[in-house]
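S.K.: One structure follows; several queries about it will come next.
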Amino acid sequence: AQTVTQSQPEMSVQEAETVTLSCTYDTSESDYYLFWYKQPPSRQMILVIRQEAYKQQNATENRFSVNFQKAAKSFSLKISDSQLGDAAMYFCAYRTYNFNKFYFGSGTKLNVKP
Amino acid sequence: NAGVTQTPKFRVLKTGQSMTLLCAQDMNHEYMYWYRQDPGMGLRLIHYSVGEGTTAKGEVPDGYNVSRLKKQNFLLGLESAAPSQTSVYFCASSYQGLAGGLNFGPGTRLTVL
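First to last, the sequence lines map onto chains A and B. All letters in the first sequence, in the order written, are residues -12 to 101 by our numbering. All letters in the second sequence, in the order written, are residues 3 to 115 by our numbering.
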């Protein structure tokens, strides 16, 4: 089974600053998908951004972007201009190409300081 | 569209009691999942389904059973609850297409005393 590792249990960032959350994964597949999910205190899981492994271009969604390094099996999330509403748990997830099986990392708690 | 809904949102059980968690989705998704979330462990897959009438085991299936009699519903059962099953349970669905992500329900907080 694939494994997803988030080595930063907790991080802090000053409002308006930039922060990067790390994620590495282990797989023998060549095609797959990667996701970042946000879980605010409300507990609802929200999709932040997705990346197809066959695409070399890094995905971006407004203030959120990823640094996808396929050879290194690394998938980090960069949050620019951090806002108080960005404070949440962030989970990195891997999805198999077939059968839609998802594997999650243990999460990184992001604190945003005013 | 309601998306993915879960019933109930909270539940307290005594050891040995049984219960069923109900998940419903109105997006016509083929795939449905049950995850449990425990502190420091992320989300772990309990069971999943790739279509109506099918189910498969995930990473932590012991002590749980599931059924998917209708495409829009995915039920998670605990036959004899144990304190180790105290957790937050999430149902999710996804479509079969490329790059389909997970659509999550709001979660159920279950406490087993």
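Where is the CB? At the ideal position from N, CA and C, for every residue including glycine. All values derive from a computational prediction rather than experimental measurement.
Tell me the residue span of the beta strand (DSSP E) that contains residue 3 of chain B.
M.R.: By one-based count along the second sequence, residue 3 of chain B stands at place 1. Element bounds for residue 3 of chain B: n/a, residue is neither H nor E.
S.K.: In chain B, which residues lie with their C-beta within 9 Å of the C-beta of residue 98 of chain A?
M.R.: One-based indexing of the first sequence puts residue 98 of chain A at position 111. Residues of chain B passing the Cβ test: none, with the nearest at roughly 16 Å.
S.K.: Would you mind giving the Cβ-Cβ distance between residue 114 of chain B and residue 15 of chain B, rounded to the nearest angstrom? I have them listed as a contact below 8 Å.
M.R.: By 1-based counting over the second sequence, the position of residue 114 of chain B is 112. By 1-based counting over the second sequence, the position of residue 15 of chain B is 13. Confirmed, Cβ separation roughly 5 Å.
S.K.: I need the boundaries of the beta strand (DSSP E) containing residue 35 of chain A, first residue and last residue.
M.R.: For the purposes of this step, residue 35 of chain A is taken as residue 48 along the first sequence, with counting starting at 1. Per DSSP, residue 35 of chain A belongs to the beta strand (DSSP E) from 33 to 39.
S.K.: In whole angstroms, what separates the C-alpha of residue 85 of chain A from that of residue 46 of chain A?
M.R.: Counting from one through the first sequence, the residue named residue 85 of chain A turns up at place 98. Counting from one through the first sequence, the residue named residue 46 of chain A turns up at place 59. Those two C-alpha atoms are separated by around 21 Å.
S.K.: Smallest Cα separation from residue 23 of chain A: which of A:56, A:11, A:36, A:16?
M.R.: On the first sequence, position 36 is the one that residue 23 of chain A refers to. Looking at the Cα atoms, A:36 is the closest of the given residues.
S.K.: Quick one: which chain A residues come within Cβ less than 9 Å of residue 92 of chain B?
M.R.: Position 90 of the second sequence holds residue 92 of chain B. Per Cβ cutoff of 9 Å: 30, 32.
S.K.: Run through DSSP, which three-state label would residue 26 of chain A get?
M.R.: The residue given as residue 26 of chain A occupies position 39 in the first sequence. Of the three classes helix, strand and coil, the one that applies to residue 26 of chain A here is strand, per DSSP.
S.K.: Go ahead and pull the three-state DSSP assignment for residue 86 of chain B.
M.R.: The count along the second sequence starts at 1 and reaches residue 86 of chain B at position 84. Residue 86 of chain B: helix per DSSP, three-state reduction.
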